[in-house]
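The structure appears below as structure tokens.
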Amino acid sequence: MQTRSLDGLSWYDSMQVSVLRRFSGGLQVQAAYTWSKSLDTSSGLFSEEADNAATGVEIPDNIRNEKGLSNFDVRHNAIINVLYELPFGKSLRGVSGQLLSGWQIGGIGTFAAGVPFTVENSANRSQNQATGSNFSDRPNLVTGASNNPTHGVSAGCTFGTGTSAITVAAGTPVGTPSHWFDPCAFVPQPLGTFGNLGRNTLIGPRRSTIDFLVNKHFRISEKRELQFRTEVFNV
Numbered sequence: 401m402q403t404r405s406l407d408g409l410s411w412y413d414s415m416q417v418s419v420l421r422r423f424s425g426g427l428q429v430q431a432a433y434t435w436s437k438s439l440d441t442s443s444g445l446f447s448e449e450a451d452n453a454a455t456g457v458e459i460p461d462n463i464r465n466e467k468g469l470s471n472f473d474v475r476h477n478a479i480i481n482v483l484y485e486l487p488f489g490k491s492l493r494g495v496s497g498q499l500l501s502g503w504q505i506g507g508i509g510t511f512a513a514g515v516p517f518t519v520e521n522s523a524n525r526s527q528n529q530a531t532g533s534n535f536s537d538r539p540n541l542v543t544g545a546s547n548n549p550t551h552g553v554s555a556g557c558t559f560g561t562g563t564s565a566i567t568v569a570a571g572t573p574v575g576t577p578s579h580w581f582d583p584c585a586f587v588p589q590p591l592g593t594f595g596n597l598g599r600n601t602l603i604g605p606r607r608s609t610i611d612f613l614v615n616k617h618f619r620i621s622e623k624r625e626l627q628f629r630t631e632v633f634n635v
């Protein structure tokens with residue numbers, strides 16, 4: 401019988417900084433930065449929670465063994481937005497003033513660190529009685545290897561045998577789209593044992609987006625204004 405439990409522990413620390421500056425001439429700049437670290441024992445244990453979710457608890461009666469970075473942990477997050485009111489037509493009246501004044505352009509840049517994920521075995525080598533797709537074995541870490549091997553080059557290794565063998569050549573760069581992490585940093589643990597790799601030790605790629613906007617304000621009356629807004633996402 402398969403059961404689900406929402407039991408868990410969590411820890412969170414953060415630092416937040418925000419700066420807003422309005423310049424003469426219609427320019428406004430705002431920047432915000434958040435450093436945070438979120439740890440827990442259970443986020444992402446159900447596969448529908450997130451793309452980087454684990455498939456289950458490795459040792460069902462020891463939830464503390466799952467303590468690691470939260471699936472939603474983002475160590476660094478910075479947002480910068482700029483808004484500029486174009487100086488055209490401010491002194492004009494009538495139709496010309498309505499058409500040429502009230503224009504704003506701006507942009508929002510978001511820059512964030514990657515989210516954690518876990519390397520798992522594709523077979524239930526620990527024989528922890530998991531069934532179906534709920535294998536949650538984590539492998540052993542190769543002696544001297546980083547538990548977040550996303551920088552540098554691979555030492556090289558071969559997985560499998562015969563025609564199904566996959567070889568990673570020594571010196572292959574990691575941290576690239578085709579080889580984000582070094583699979584040679586991990587080896588299957590002996591049958592009947594649990595691996596020594598922790599949960600969510602690897603960090604995925606950084607993320608960044610830049611959005612652009614154009615606003616046009618039409619003054620209808622002293623208290624009423626009509627705005628048209630165009631936004632382009634992820635320029």
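Numbering (this note's numbering), first residue to last: 401 to 635.
Think of the CB as a built atom: it goes at the ideal place given N, C-alpha and C, for glycine as much as any other residue.
Remember, predicted model here, so these are calculated numbers, not experimental data.
Taking Cβ positions, are Thr593 and Asn547 nearer each other than 9 Å? The residue given as residue 593 occupies position 193 in the sequence shown. The residue given as residue 547 occupies position 147 in the sequence shown. No, the pair does not count as a contact, with Cβ atoms beyond the cut-off.
Spatial neighbours of Thr558 within its chain, please: CB distance less than 8 Å, with the 5 preceding and 5 following residues excluded, ordered by chain position. Indexing the sequence shown from 1 puts residue 558 at position 158. The answer, listed in chain order, is Ala565, Ile566, Thr567 and Val568.
What separation, rounded to the nearest whole angstrom, lies between the Cα atoms of Thr526 and Leu591? Translated into positions along the sequence shown, residue 526 becomes position 126. Translated into positions along the sequence shown, residue 591 becomes position 191. One point to set straight first is that residue 526 is Ser, not Thr, in the sequence displayed. Taking the straight line from one Cα to the other gives about 6 Å.
Give the DSSP bridge partners of Ile479, in chain order. Translated into positions along the sequence shown, residue 479 becomes position 79. In the DSSP output, where bridge partners are listed per residue, Ile479 has Ala432 and Thr510.
Specify, as a first and last residue, the run of the beta strand (DSSP E) that Ser418 falls within. In the sequence shown, residue 418 corresponds to position 18, counting from 1. Where Ser418 is concerned, the enclosing beta strand (DSSP E) stretches over Ser410 to Arg422.
How about Arg441 and Glu466: are their beta carbons less than 9 Å apart? Here residue 441 is taken as the residue at index 41 of the sequence shown, counted from 1. Here residue 466 is taken as the residue at index 66 of the sequence shown, counted from 1. Residue 441 is actually Thr in this sequence, not Arg. With respect to Glu466, Thr441 sits close: the two C-beta atoms are nearer than 9 Å.
Excluding the 5 residues flanking Ser501 on each side, which residues of the same chain have their C-beta closer than 6 Å to its C-beta? By one-based count along the sequence shown, residue 501 stands at place 101. Around Ser501: Gly489 and Lys490.
In chain order, what residues of the same chain lie with their CB nearer than 7 Å to the CB of Phe511, ignoring the 5 residues before and after it? Residue 511 sits at position 111 when you count from the first residue of the sequence shown. So the list reads Ala478 and Ser608, once near-sequence residues are dropped.
At the level of alpha carbons, what is the spacing between Phe618 and Gly506? For the purposes of this step, residue 618 is identified with residue 218 of the sequence shown, where counting begins at 1. For the purposes of this step, residue 506 is identified with residue 106 of the sequence shown, where counting begins at 1. Taking the straight line from one Cα to the other gives about 18 Å.
Within the continuous beta strand (DSSP E) that includes Asp461, where are the two ends? Within the sequence shown, the letter at position 61 stands for residue 461. Per DSSP, Asp461 belongs to no beta strand (DSSP E) and is neither H nor E.
Tell me whether Phe636 is buried or exposed, calling it buried when 16 or more other Cβ atoms sit within 10 Å of its Cβ. This structure cannot settle anything about residue 636, because the visible part of the chain is limited to 401 through 635.
Endpoints, the beta strand (DSSP E) within which Ile566 is located: Position 166 of the sequence shown, counted from the start, is the residue given in the question as residue 566. Counting along the chain, the beta strand (DSSP E) containing Ile566 begins and ends at Ile566 to Val568.
Gly468 burial status per 10 Å Cβ neighbour count (16 or more: buried): Numbered from its first residue, the sequence shown carries residue 468 at position 68. Flag for Gly468 reads buried.
Throw me the rounded Cβ distance for the Val474 and Val515 pair, which I believe falls under 8 Å. Here residue 474 refers to the residue found at position 74 of the sequence shown. Here residue 515 refers to the residue found at position 115 of the sequence shown. With 8 Å as the limit, Val474 and Val515 qualify as a contact, their Cβ atoms being about 6 Å apart.
Drop a sphere of 10 angstroms on the beta-carbon of Ser554, count the other beta-carbons inside from all chains shown, and report buried for 16 or more, exposed for fewer. The residue labelled residue 554 in the question sits at position 154 within the sequence shown. By the 10 Å Cβ count, Ser554 comes out buried.
On a Cα-Cα basis, can you pick out the residue from Asp611, Gly426, Ile620 and Lys623 that is closest to Glu631? Position 231 of the sequence shown, counted from the first residue, corresponds to residue 631. Looking at the Cα atoms, Asp611 is the closest of the given residues.
By a C-beta neighbour count over all protein chains shown, 10 Å radius and 16 as the cutoff for buried, is Glu625 buried or exposed? Taking the first residue of the sequence shown as 1, we reach residue 625 at position 225. Result: exposed.
Relative to the C-alpha of Thr550, which candidate in Gly562, Trp435 and Val519 has its C-alpha closest? Position 150 of the sequence shown, counting from 1, holds the residue named residue 550. The candidate whose alpha carbon is nearest that of Thr550 is Val519.
Ile463 vs Phe517 beta-carbon contact at 9 Å: As a first step, residue 463 is located in the sequence shown; it is residue number 63 there, counting from the start. As a first step, residue 517 is located in the sequence shown; it is residue number 117 there, counting from the start. It is not a contact, given that the beta carbons lie outside the stated cut-off.
Cβ of Ala585 within 9 Å of Cβ of Ala523? Along the sequence shown, one-based indexing puts residue 585 at 185. Along the sequence shown, one-based indexing puts residue 523 at 123. Cβ distance not < 9 Å, so Ala585 and Ala523 don't count as in contact.
Find out if the Cβ-Cβ distance for the pair Ser443, Ser424 is shorter than 9 Å. Within the sequence shown, the letter at position 43 stands for residue 443. Within the sequence shown, the letter at position 24 stands for residue 424. In this structure, Ser424 does not lie closer than 9 Å to Ser443 by Cβ.
With Gln627 as the anchor, note down where its beta strand (DSSP E) starts and where it stops. Numbered from 1 along the sequence shown, position 227 holds the residue referred to as residue 627. Note, Gln627: beta strand (DSSP E), Glu625 to Val632.
According to DSSP, is Thr563 helix, strand or coil? Counted from its first residue, the sequence shown places residue 563 at position 163. It is helical.
Excluding sequence positions up to five away, which residues of its chain have a Cβ less than 7 Å from the Cβ of Asn596? Counting from one through the sequence shown, the residue named residue 596 turns up at place 196. These residues qualify, in order along the chain: Asn540 and Leu541.
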